[in-house]
Amino acid sequence: MTRERWEANAQYWVKIIRERRDRYRTDLTDGAVLDAIGSCEGRRVLDAGCGEGYLARTLASRGADVTGVDVSQGLIDAASKHPSPDGAATFTCASVEDLPFEDAAFDLVVCNHLFSHLQDPAPALGEFSRVLKSGGRLVLLTLHPCFYVENSEHGAMNSVPASQYFASRGIDQRFLVDGLESPSMITSWLRPLEFYAGTLRDSGFVIADLREPHPTEQQMRDDPWWRKGFPTALFMLLIAERR
6 MTRERWEANA
16 QYWVKIIRER
26 RDRYRTDLTD
36 GAVLDAIGSC
46 EGRRVLDAGC
56 GEGYLARTLA
66 SRGADVTGVD
76 VSQGLIDAAS
86 KHPSPDGAAT
96 FTCASVEDLP
106 FEDAAFDLVV
116 CNHLFSHLQD
126 PAPALGEFSR
136 VLKSGGRLVL
146 LTLHPCFYVE
156 NSEHGAMNSV
166 PASQYFASRG
176 IDQRFLVDGL
186 ESPSMITSWL
196 RPLEFYAGTL
206 RDSGFVIADL
216 REPHPTEQQM
226 RDDPWWRKGF
236 PTALFMLLIA
246 ERR
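Under our numbering, think of the first position of the sequence shown as 6, with each following residue one higher.
Below is the structure:
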């Protein structure tokens, strides 16, 4: 069902990304992810859940050898047809739970806005661990599990009760970005912080840093879009190292 929903939404996301309509990405989380990655020249990078490939192309322009994977063939087709700097980004349709790569093939795995769409992320983390070299890094940007609720992007500020927080919870909703609604509904999965720590540990990772990307004081003061669209912490960024 998840694959079918992403296929239905593929062209919607190509439009959103290529017209730069998602301000959460363009004005906030993309910069946070790139800052966490740092220099990537000469590194082999896996963009897991690459979508239409914009982040892979950015990393390729910075000198990385990038492979993007996504479960949606429509998104992979869009990524493959878009020019990439020096052909340094390639794209493969595959599930992150069964990656078609050798062990220790990558220096870095980037998981950008993917994790919350995995009902059970443990198999994917196991695969990320397998394809990373010892000492390699995982940069993971996802919805904030402590605060994100349905319609948070539109000003919702409900708290998450303990009865829900300590279990996996799914939020079914359509994407609504810059006035455009996605054709298909998507489920976002959220879990307690201890789940992230424990699952990463069990997959052979050590958490090196935890960040919470948020608008600057100036953005919140000067731009009413952010005051409405960021009522609480929405994102969490984890940097983990493969033991």
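Just so you know, even glycine gets a beta-carbon here, dropped at the ideal spot from N, CA and C.
Everything numeric in this text was worked out from a predicted model, so none of it was measured.
A residue is called buried once 16 or more other Cβ atoms fall within 10 Å of its Cβ, and residue 231 is buried on that count.
Within the same chain, 212 come within 7 Å of residue 202 by CB-CB distance, once the 5 residues on both sides are set aside. Listed in chain order, the non-local C-beta contacts of residue 10 below 6 Å within the same chain comprise 189 and 191, local neighbours out to five positions each way being set aside. Per DSSP, the unbroken beta strand (DSSP E) holding residue 178 starts and ends at 174 to 182.
Out of 108, 33 and 79, the CA that lies nearest to the CA of residue 221 is found in 33. A direct Cα-to-Cα measurement between residue 137 and residue 54 gives close to 16 Å. Around the beta carbon of residue 56, 16 or more other beta carbons sit within 10 angstroms, so the residue counts as buried.
With a contact defined as Cβ atoms closer than 8 Å, residue 130 and residue 31 miss out at about 28 Å. Nearest neighbour of residue 244 by Cα position, chosen from 8, 173 and 40, turns out to be 40. Distances from the CA of residue 173 to each of 194, 186 and 164 were compared; the closest alpha carbon is that of 194. A buried status is given to residue 145, since no fewer than 16 other beta-carbon atoms sit within 10 Å of its beta-carbon. Nearest neighbour of residue 99 by Cα position, chosen from 75, 109, 86 and 107, turns out to be 75. The continuous stretches of beta strand (DSSP E) do not include residue 228, and DSSP gives it neither H nor E. Annotation for residue 210: the continuous beta strand (DSSP E) segment containing it runs 210 to 216.
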